[in-house]
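Working notes, beginning with the structure itself.
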Amino acid sequence: MRMPWIPRHLSYEKLSAGKWIRLPTDKTGPDGWTTYEGAVDYSANGITTRSENEACATYALPVRDMVIRAKVKRLAAGHACVTLRRSRSGSGYSFILFNWNYFWMAIKSDGKLGIPQQTPANEALGDECTLVFAAIGDRLTAYCNGKRIFDVRDSSCKAGTPAVSTSGGQTTFRDIEVRMLDTPTEDNKLSENNPQPCRALPRHPLSLRSTRRRPKNTKRPGPSISACRCK
Numbered sequence: 007m008r009m010p011w012i013p014r015h016l017s018y019e020k021l022s023a024g025k026w027i028r029l030p031t032d033k034t035g036p037d038g039w040t041t042y043e044g045a046v047d048y049s050a051n052g053i054t055t056r057s058e059n060e061a062c063a064t065y066a067l068p069v070r071d072m073v074i075r076a077k078v079k080r081l082a083a084g085h086a087c088v089t090l091r092r093s094r095s096g097s098g099y100s101f102i103l104f105n106w107n108y109f110w111m112a113i114k115s116d117g118k119l120g121i122p123q124q125t126p127a128n129e130a131l132g133d134e135c136t137l138v139f140a141a142i143g144d145r146l147t148a149y150c151n152g153k154r155i156f157d158v159r160d161s162s163c164k165a166g167t168p169a170v171s172t173s174g175g176q177t178t179f180r181d182i183e184v185r186m187l188d189t190p191t192e193d194n195k196l197s198e199n200n201p202q203p204c205r206a207l208p209r210h211p212l213s214l215r216s217t218r219r220r221p222k223n224t225k226r227p228g229p230s231i232s233a234c235r236c237k
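Residue numbering for the sequence shown follows the working numbering, starting at 7 and increasing by one per position.
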């Protein structure tokens, strides 16, 4: 059964609408970016990842439903990647720009990596593009320069942090922004390689779920006794 807060059609316009939260690219530590592996440079102008194998940076924001958007610039040949729901074990969903001429949707769960979908880039991307990746419920949607690349469903990864990474090259990620569609999860409050819990965040106004809660030990209002005409 489809969750009521998941949009029926995840168009690029719907994903882009609303307020985005800019992730400061020069903020590191328990409440910011953490280097998972490889060489990562942090500055106000962006995050540069470089590695012959993989260089990954995760942000301490463990959320289940999220949209991430980033401007990606190629500095050397390799693969650029944006990830959502990355866990401490490395599981998560990744939208990969492979060699800048192929797109991969990657799912890593229980130590196993799967590529359920892949497709060639139909146009030359040059050395810079904008990637948008959404994980809402069990639905994964990916865009490049406003064009939809993937729209698949998977429920392997429940929650985790956003991340950017490079494999076999050098990439700069700028203007990294997110839209949070729920609150940080209780079972994933530890960021990557960080033994301290992430700072608790309030429910974000972008949430598509209702923020109104009924007080405990109360019942739903029903018809009043005076309204009953039965004798």
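Every residue gets a Cβ at the ideal spot worked out from N, C-alpha and C, and that includes glycine. Note that the coordinates shown come from a computational prediction; the quantities given were computed from them, not determined experimentally.
- In this structure, Ala127 is the residue among Ala127, Ser173 and Asn151 with its C-alpha nearest to the C-alpha of Tyr108.
- In this structure, Arg80 lies near Ala86, with their beta-carbon atoms less than 8 Å apart.
- If you draw a 10 Å sphere on the C-beta of Pro68, you find 16 or more other C-beta atoms in it, and that means buried.
- In the structure shown, Ser93 falls within a coil segment according to DSSP collapsed to helix, strand and coil.
- For Gly52, the beta-bridge partners assigned by DSSP are Ser49.
- Contact between Arg185 and Met72 is confirmed by a C-beta separation of about 7 Å, below the 8 Å threshold.
- Bridge partners of Leu146 according to DSSP: Ala141 and Val158.
- When secondary structure is reduced to three states using DSSP, Pro122 falls in the strand class.
- The beta carbon of Trp106 sits closer than 7 Å to those of Arg80 and Leu131, all from its chain and outside the five residues before and after it, given in chain order.
- A direct Cα-to-Cα measurement between Glu134 and Lys77 gives close to 7 Å.
- With a contact defined as Cβ atoms closer than 8 Å, Arg159 and Asp181 miss out at about 29 Å.
- Counted as a single uninterrupted DSSP element, the beta strand (DSSP E) harbouring Trp39 occupies residues Trp39 to Glu43.
- Taking the Cα of Thr172 as reference, the smallest distance to any Cα among Thr54, Ala165, Ala66 and Pro36 is reached at Thr54.
- Distance from the CA of Pro122 to the CA of Ile113, rounded to the nearest whole angstrom, comes to 8 Å.
- In summary, Ile27 is exposed, with fewer than 16 beta-carbon neighbours lying within 10 Å of its beta-carbon over all protein chains present.
- Membership of Ala127 in any beta strand (DSSP E) is not indicated, and neither H nor E is assigned to it by DSSP.
- At least 8 Å separates the beta-carbon of Leu103 from that of Leu146.
- Separation of Val46 and Ala82 (C-alpha to C-alpha, rounded to the nearest whole angstrom) is 14 Å.
- One alpha carbon belongs to Phe179, the other to Thr125, and they sit about 22 Å apart.
- Where Leu81 is concerned, the enclosing beta strand (DSSP E) starts and stops at Met72 to Ala82.
- When the Cα atoms are used, Gly52 and Thr40 turn out to be separated by approximately 14 Å.
- Contact between Gly84 and Arg92 is absent: CB atoms are separated by about 19 Å, not below the 8 Å threshold.
- The C-alpha of Gly174 is placed about 28 Å away from the C-alpha of Asp37.
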